[in-house]
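So the number in our numbering is just where the residue sits in the sequence shown, counting from 1, plus 633.
Cβ atoms here follow ideal geometry from the backbone N, Cα and C, with glycine treated the same way.
Quick caveat: nothing in here was measured; it's all calculated off a predicted structure.
Below you'll find the structure, written out as structure tokens, and then a few comments.
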Amino acid sequence: MRRLVVCCDGTWETPKQRTNVSLVADALAQGPDQVVRYFPGVGTGADPVTRVLEGGLGLGLDVRIREAYTWLAETWRPGDVVVLLGFSRGAFTVRSLAGMLAACGLVAVAPGDSRRARDRLVRRVFRDGYQRGRPLDGLAFQPGFAPEDTAPIALVGVWDTVGALGIPRTFGLLSALLSRRIEGFHDLRLARDVRHARQALALDERRGPFQPAVWAEPAPGTHESFVQLWFAGTHGDVGGSQDQPRGLSDLTLRWMTEEATAAVGLTWRDGPPGGAGDPLGHLDPGPDGMWRYLAPRPRTVPRVAEGAPDVHPSAVARRAAGLVPPYRPGRVPEPGVPVDAVVAADAPWVETGLYLPAGRYTLTTAGSWSDHGASTGPAGFARWPWRAWPDYALGAVLAVYRRVVRRCTSRSADALAAPRRDTRRMALVAAVADDLRHPDGSLDEGTVVSVGRDGTATLELCRPGYLYAYANDSWLGYGRNRGAATLTVTRS
């Protein structure tokens, strides 16, 4: 039995970046029992325009999927098994490839076929069989690898799958219209054909377009093994693409190599790559530069606590280490006992340090903050301050535009100069990271409430989550805000 190992890297990533994927691809043994092929990420071509379009919008993923499928079709022989490894959009690529193999099988290519003929053949499989779900009549398939057969996919192992395609929703109508055309069809569900599945997810990524594609928990017995764990760190920390020391990256690298070796018997030239890792390693502080304005949002993640089944022990060790500031304290309020949190006006997301189980909560506020030099309480401005009129008037117009886009396209949209919520400017907003993901990949965004004119609100939760808060301003406005408010949370 040979293992055909496909390694797909993340956006703009090549072997020079030394991500977890490239390190694994370099360290794996090549021989009669194992053949490895590495594919760089989208956006790594020589043409700068293509690099921007592919890297920024996710264009080129379909090409990467077809390239990997073609390599398998050219290399596979009866008795082989397929191993798929990827990071970021490379993880998206291999998960989509697994869906394509499970649905369409692996087409047979003749040794004498030209490159153009093979490309046409694979394009037909991708377009008609995978995207449109049509029968692939008249095609020959590899023995035991037809659409009706169980695809011999031994392992899908991925680091923090993200598949954000198209233009970020910050760009409103342009995003809503063009992203729909770009996204197309990709099946990221975990096919029953996959014997073993592993995914390492990032607890601390906040870039809006980098929302993770989390596998739904499969029914018992669907796969030989299934493990999906959350690790401390951002997207780059978990996938190994940060320029910082690899303390957190080596944790996920070592975990994946150990899991994959135990599950499918991967072999290495000189042992698995990477060091032991460090639970207290450097963690990127959060979005900066342009990412600060592209609708950043915390992820919906499980509570980091001793015994949490979906959290890697290294994240629990980081929480217990007494770092300053503390790492994911996740305090759970006792019923009837008020708990305070300070909410700074100049931060687009403030961690309150609270984790709220499902239930009913009363929110009260105190203090004051300012925008454009004008002060108000956490209830926000009842009347716009005169010096803020130009900015606030533009924001009001853009808020109407945002609602129109949402109504016409059924897609979320944003605008950099519009207030984030349709409520008073500088009102305190409480947000729980309890997004609900549906099997079709659609998302119901988390529970959000704004305090009323009396500075209070009631929060009803159907799902648990970490509590965040912020002043309702535009993404562009936080740099001119001053002061802080106190949010008091009382659990019923």
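When DSSP states are grouped into helix, strand and coil, A660 belongs to the helix group. The beta-carbon separation of R936 and G907, rounded to 28 Å, does not stay under the 8 Å limit for a contact. A Cβ-Cβ distance of about 34 Å is found for the pair A991 and G1028, leaving them out of contact under the 8 Å criterion.
Secondary structure at S721: coil, using DSSP grouped into helix, strand and coil.
Within the model, the alpha-carbon separation for R828 versus S729 is close to 16 Å.
Going by DSSP, W1019 is part of no beta strand (DSSP E) at all; its letter is neither H nor E.
The C-alpha of L899 is placed about 24 Å away from the C-alpha of S947. The beta-bridge partner set that DSSP reports for V669 consists of V638. Your pair V1122 and V972 checks out as a contact, with CB atoms roughly 5 Å apart and the cut at 8 Å. A950: not part of any beta strand (DSSP E); member of the alpha helix (DSSP H) spanning P946 to R952, first to last residue. The region 872 to 887 and the region 844 to 853 do not touch, with fewer than 3 CB-CB distances between them shorter than 8 Å. The continuous stretches of beta strand (DSSP E) do not include S882, which lies in the alpha helix (DSSP H) extending over residues G880 to V897. Secondary structure of R1070 (DSSP, three-state): strand. Out of V740, A1007, G664 and P711, the CA that lies nearest to the CA of A701 is found in V740. DSSP places A750 inside the alpha helix (DSSP H), whose first and last residues are R748 to R757.
At the C-beta level, P842 and A928 come within 9 Å of one another. If you keep only unbroken beta strand (DSSP E) runs of at least 3 residues inside the region 962 to 988, you get 972 to 977. A residue is called buried when at least 16 other Cβ atoms come within 10 angstroms of its Cβ; R831 meets this threshold and is buried. Counted as a single uninterrupted DSSP element, the alpha helix (DSSP H) harbouring V696 occupies residues L694 to T708. The beta-bridge partner set that DSSP reports for D1004 consists of A1007. DSSP, reduced to helix, strand and coil, places S729 within a helical segment of the structure shown. For the pair L754 and A852, the Cα-to-Cα distance works out to about 35 Å.
Scanning its chain for C-beta atoms nearer than 6 Å, with the 5 sequence neighbours on each side dropped, one finds around T997 the residues T1089 and T1121, in chain order. The three-state secondary structure of L1092, taken from DSSP, is strand.
For V1065, the number of other beta carbons within 10 angstroms of its own is at least 16, and it is reported as buried. Secondary structure note for V871: its alpha helix (DSSP H) is the uninterrupted segment H868 to G872.
By the beta-carbon neighbour count (other beta carbons within 10 angstroms, threshold 16), E646 is buried. Around D713, the same chain offers M634, R635, R636, L637 and P785 as residues with beta carbons nearer than 8 Å, after the five sequence neighbours per side are excluded. P912 and A865 have their C-alpha atoms spaced approximately 8 Å apart. In the DSSP assignment, V791 falls within the unbroken beta strand (DSSP E) covering I786 to W792.
Within the same chain, Cβ atoms closer than 6 Å to the Cβ of P648 are found at S655, the five residues on either side in sequence being excluded.
Within the model, the alpha-carbon separation for G1006 versus E984 is close to 25 Å. Between A724 and L788, the gap from beta carbon to beta carbon reaches 9 Å or more. A Cβ-Cβ separation of about 5 Å places R697 in contact with T726 under the 8 Å criterion. Contact between G738 and F774 holds, with the beta-carbon distance rounding to 5 Å and staying under 8 Å.
Taking C-beta separations shorter than 6 Å and ignoring five residues to either side along the sequence, the partners of E1093 in its chain run R993, following chain order.
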